[in-house]
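Last residue of the sequence shown: 164 (my numbering), numbering continuous.
Glycine included, every Cβ here is placed at the ideal spot set by N, Cα and C.
Note that the coordinates shown come from a computational prediction; the quantities given were computed from them, not determined experimentally.
I have placed the structure first, in the form of structure tokens, so that the comments after it can refer back to it.
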Amino acid sequence: MKAKELFEKLKKELDKFSIYDIMKIKCYIEKDAKYLPNKYKNHYVESMMKYLIETFNEIKRKKSKEIKDEEIDEEKLNEMLKRIESFKKYNTEDEETFINLSKILCPYLTFIAKKPLHPIYLTFPGNVKIVKKGNIYYCPVKNKQLNEYSLCEFCVAKSIDELKNKL
């Protein structure tokens, strides 16, 4: 599959989302963040919602002709979509809405925009952030989160260890 074809499919799916869906997603993110340390919880929810809305609007505004039409690794895309689907744990409408939007935004960020799945302005526990050097992103938590419960293996960000090794 080519990037433009994927983009058109994602954009068409995004048209199904309303402001009410965004509100459901915020409820889901708040519920999912309940175990984060208090000093990170609000920042996490607000940062993720901001990034979600920025990415949502970016897709809405972008035209297909702006997409570099390269080949998409469909096996990796399908793995990502299956992983997202496997995250169901609450079986609520909010969760279903979040998962459906994630199946649009995550492939867009990874395969088309080539941006990390978390925003660079998000502060992770430990007071660390994603670093951007040139066009390369480095994540301080990637190596700690490479497991079947995360999407880190699909994220374009490299481990911060790779940047430290270059210095």
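Nearest to Leu7 by C-alpha distance, out of Leu102, Val153, Lys163, Ile117, is Leu102. The beta carbons of Ile157 and Cys136 sit about 6 Å from each other, so the pair counts as a contact at 8 Å. Contact between Ile96 and Phe84 holds, with the beta-carbon distance rounding to 6 Å and staying under 8 Å.
Contact between Phe53 and Leu11 holds: their C-beta atoms lie close to 7 Å from each other, under 8 Å. With fewer than three CB-CB distances shorter than 8 Å, the region 72 to 83 does not count as touching the region 26 to 43. If you draw a straight line from the Cα of Tyr17 to the Cα of Phe151, it is about 29 Å long.
In this structure the region 57 to 73 does not lie against the region 129 to 149, because fewer than three pairs of beta carbons, one per stretch, are closer than 8 Å. Annotation for Met45: Ile26 place their beta carbon closer than 6 Å to its own, counting only its chain and skipping 5 residues before and after.
Where Ile96 is concerned, the enclosing alpha helix (DSSP H) starts and stops at 90 to 104.
Per DSSP, reduced to three states, the secondary structure at Ile109 is helical. Between the alpha carbons of Thr107 and Lys155 lies a distance of about 12 Å.
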